[in-house]
Amino acid sequence: MVHEASQKIHPTGCSGALDTMKVSVRPSSDSQYIFMRLRLRNSLVSGFAQFTHTTVTERMDEVMIHREMKRLVLFLALLVGSQSTGPVSAAEPVDVSVLPPGVKRVEIFLLMGQSNMKGRGVIPGKQEGNPRIIHMNMANDQWYVSRHPLHKTGEPGLIDRSDNAGVGPGLNFARELVKRDKGLIVVLIPVARGGSSIRLWNSDAKFYQEAIRKAKKALGHFPKGKTRIAGALWLQGESDSLENRYAVYDDKLTALVQNLRTDLKDSELPFVACTIGTFIKPRGKYFRVKEINEALVSLSDRVPQTACVDARDLKGHIGDAMHYDARSQEVIGRRYAEAYLRLTEDLVTPVMTDEAPSAGRRVRQIASEYKGTEVYHSLYLPVDWKPSGKYPVIVEYTGNKFPPGKGSGEVKDANLGYGMSGGHGFIWVVMPYVEKGRKRNA
């Protein structure tokens, strides 16, 4: 059956109008699908933008169109309203035959998984591109200075939201890498596919084969001797958190890593995964999120030269209890970089943040007696930390400021304790010297 309606709706928080709405209900063996096609006139993107052929799918056991229409329209308003905060700069094409001065290395990374790797976060209104971060367009395999959304399939120079992709973790991952290495170009190959289960990334599956093709093609576009496929980032698991899929997830994930290393001819290719959202609601099927996350976190116990970003503490989503919001994606991107660098560099002291304490993270803490002041210390929990475990503690006081040795004397720049432990097996605390007035660190 097909129900059609034509109306204009001005949802709260959206300055445009949804019009020419068509709803089709198609029967399925186990449920129904509601497909909504819409056109959006909205001044949020470049003064005037049209959203055409956008499809929003909501699965439910029983469909009563008139009862569900209001909820669906609100969901669409949330989806559309979350995609951009203003005009977005067009993508800049890149001539990769000429590298910027000072570039010593080109490192290629695959961005694999499903919709959370693609990203659904709000796209910032103004984006500054970095010529040392470029990506391959999903549709035409051409090169562009990277901006959100990386997983764009439509016209590269137009951010029109037609491809249902937003802020993901890949760009912030690259930013962290180039910030640490001025001689590096990071090349991103976005290949994630929304809704894909891990079986669609088997070695004989289309998505996997396309990822390998793009990676090899990218390798041939840059100077030999300076270029390598440096790693793969993986954010996927929602589609496998079903009762009939979760039990084989760890085996399939292990096979995926091994297949990548075989086909890309690198037996130690770094592979970094990330946990899926703990905010995901079952919706009648996603009952095994916890087990999927356990399989992801334990990957490094099964496969060498792998890691997993633990994002189970991040609660921000776009309103659908399924997709990380932009802020969470930025955090995940930074954690991807830290995890990758721990795998590939001798030792990299984690950057101190204001996040909650968790394994492998270094955070700022304020003791209760200094509440309301700027006095703080730092706490690092080892990567193998478990709440029930017992760990020795390294307590460090920073030395005096010593510019020749790059020592600032500040808590945030301490690294001796981390160097002693390597990030494993020890809790590391850095204590401050406090000014006489007890209001800030000395």
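Each residue of the sequence shown is one higher than the last, beginning at 1492 in the numbering used here. Backbone N, C-alpha and C define an ideal beta-carbon position, used for all residues, glycine too. What you are looking at is a predicted structure, and each value in this text was computed from that prediction instead of being measured.
Helix, strand or coil at K1927 [DSSP, three-state]: coil
Using three-state DSSP, classify P1681 as helix, strand or coil. strand
Report buried or exposed for E1860, applying the criterion of at least 16 other Cβ atoms within 10 angstroms of its Cβ. Exposed.
Sequence-distant residues of its chain with Cβ nearer than 7 Å to Q1605 (five each side left out): Apart from the 5 residues on each side of it in sequence, Q1605 sits with its Cβ closer than 7 Å to the Cβ of A1683, R1684, G1685, G1686, S1687, Q1727, E1729, S1730 in its chain, given in chain order.
What is the DSSP secondary structure of T1766, reduced to helix, strand or coil? coil
How many angstroms separate the CA atom of K1673 from the CA atom of I1783? For K1673 and I1783, the distance between alpha carbons rounds to 37 Å.
Quick one: measure Cβ to Cβ for G1632 and K1715, integer angstroms, because I've assumed they're closer than 8 Å. Here residue 1632 is Asp; the residue named in the question, Gly, does not match the sequence. Going by Cβ atoms, the distance from D1632 to K1715 rounds to 19 Å, so no, they are not a contact pair.
Indicate the three-state DSSP secondary structure (helix, strand or coil) for R1793 in the structure shown. helix
In whole angstroms, give me the CA-to-CA distance for G1824 and L1662. 7 Å
F1762 versus I1689 - alpha carbon distance: 15 Å
Which runs of the alpha helix (DSSP H) spanning at least 4 residues fall entirely within the segment 1600 to 1674, listed in chain order? 1606 to 1609, 1661 to 1671
Is any non-hydrogen atom of the ligand FAD found closer than 7 Å to the C-beta of K1609, if you look at the structure I gave you? The ligand FAD is not part of the structure shown, which contains no ligands of any sort.
Straight-line gap, L1751 to V1794 (C-alpha atoms, nearest Å): 13 Å
I need the boundaries of the alpha helix (DSSP H) containing A1723, first residue and last residue. A1723 -> not in any alpha helix (DSSP H); beta strand (DSSP E) instead, spanning 1718 to 1726.
What runs of the alpha helix (DSSP H), each 4 residues or longer, lie entirely inside the segment 1824 to 1862? none
Let me check understanding here. Comparing Cα to Cα, which of I1771, Q1796, I1857, A1830 lies closest to E1667? A1830
Whole angstroms is fine: what's the gap from V1921's alpha carbon to V1587's? 45 Å
How is W1692 classed by DSSP in three states: helix, strand or coil? helix
Going by C-alpha distance, which of P1773, N1932, A1665, S1912 is nearest E1901? N1932
Just checking, does the segment 1877 to 1892 make contact with the segment 1807 to 1818 on the three C-beta pairs under 8 Å criterion? no
Between T1644 and N1628, what straight-line distance do the alpha-carbon atoms span, to the nearest angstrom? For T1644 and N1628, the distance between alpha carbons rounds to 7 Å.
How big is the Cα-Cα spacing for G1928 and K1595? 49 Å
Indicate the three-state DSSP secondary structure (helix, strand or coil) for G1898 in the structure shown. strand
Where N1932 falls: helix, strand or coil (DSSP): Residue state, collapsed to three classes: strand.
Mark D1742 as exposed unless 16 or more other C-beta atoms lie within 10 angstroms of its C-beta, in which case mark it buried. That one is exposed.
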